[in-house]
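Notes for the one structure printed next.
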Amino acid sequence: MKLKEMLKDMLRLVLLMMDEIIAGIFLLVILPSAGIRVPLALSVTVIALLIIKDIAIVPSFGQILRKKAEVGIEALIGKEALVVEDLTPEGVVKIGNEYWIAECINGKAKAGEKVKVVGAKGLKLLVECRE
Numbered sequence: 153m154k155l156k157e158m159l160k161d162m163l164r165l166v167l168l169m170m171d172e173i174i175a176g177i178f179l180l181v182i183l184p185s186a187g188i189r190v191p192l193a194l195s196v197t198v199i200a201l202l203i204i205k206d207i208a209i210v211p212s213f214g215q216i217l218r219k220k221a222e223v224g225i226e227a228l229i230g231k232e233a234l235v236v237e238d239l240t241p242e243g244v245v246k247i248g249n250e251y252w253i254a255e256c257i258n259g260k261a262k263a264g265e266k267v268k269v270v271g272a273k274g275l276k277l278l279v280e281c282r283e
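Heads up: the sequence shown runs through residues 153 to 283, numbered per the numbering used here.
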């Protein structure tokens, strides 16, 4: 794992544990210094429940946090496109209501055929033609 990813994961862990840290400081430091006695069992129970909550939500948020944002041209990779202007090897394809300049990386495709987006070079889509 790269150092940058490790630092991001550590930051996420600290942010995830922030409620436990704040609750611990409040229950074990601030309230006792204000003269309010909090039973140790109550403090431990509250912090334990917060930790259990984090353990329960981590699996669902873990996938979301690791998923790359699908915006821009990268969001089109893997989608199917309709050839509007023959790809010889360059032409125009349509995805949804958008028209894109595309280049067929494995041959040629005629208008009306379907191709699959496999990458991008600048604002040009790289597509694979079905043979």
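For glycine and all other residues, C-beta sits at the position ideal for the given N, C-alpha and C.
{"Query": "Can you name the start and end residues of the beta strand (DSSP E) that G259 belongs to?", "Result": "Run containing G259: none; DSSP gives neither H nor E here."}
{"Query": "Find the nearest neighbour of I209 within the set L180, N249, L165, A193, judged by alpha-carbon distance.", "Result": "L165"}
{"Query": "Would you call the stretch 153–160 and the stretch 188–206 in contact, with 3 or more CB pairs under 8 Å?", "Result": "no"}
{"Query": "Applying the 10 Å Cβ sphere with the 16-neighbour rule, what's the burial state of G243?", "Result": "buried"}
{"Query": "Determine the DSSP secondary structure at L192, reduced to helix, strand or coil.", "Result": "helix"}
{"Query": "On the three-pair Cβ rule with 8 Å, is the stretch 180–191 touching the stretch 220–240?", "Result": "no"}
{"Query": "Below 9 Å between beta carbons: does that hold for P241 and I225?", "Result": "no"}
{"Query": "What distance in whole Å lies between the Cβ atoms of E172 and I203, which are believed to be in contact at a cut-off of 8 Å?", "Result": "6 Å"}
{"Query": "Under DSSP, the alpha helix (DSSP H) around K156 begins and ends at which residues?", "Result": "155–168"}
{"Query": "Use the C-beta contact count for A261: other C-beta atoms within 10 angstroms, 16 or more gives buried, fewer gives exposed.", "Result": "buried"}
{"Query": "Tell me whether A263 is buried or exposed, calling it buried when 16 or more other Cβ atoms sit within 10 Å of its Cβ.", "Result": "exposed"}
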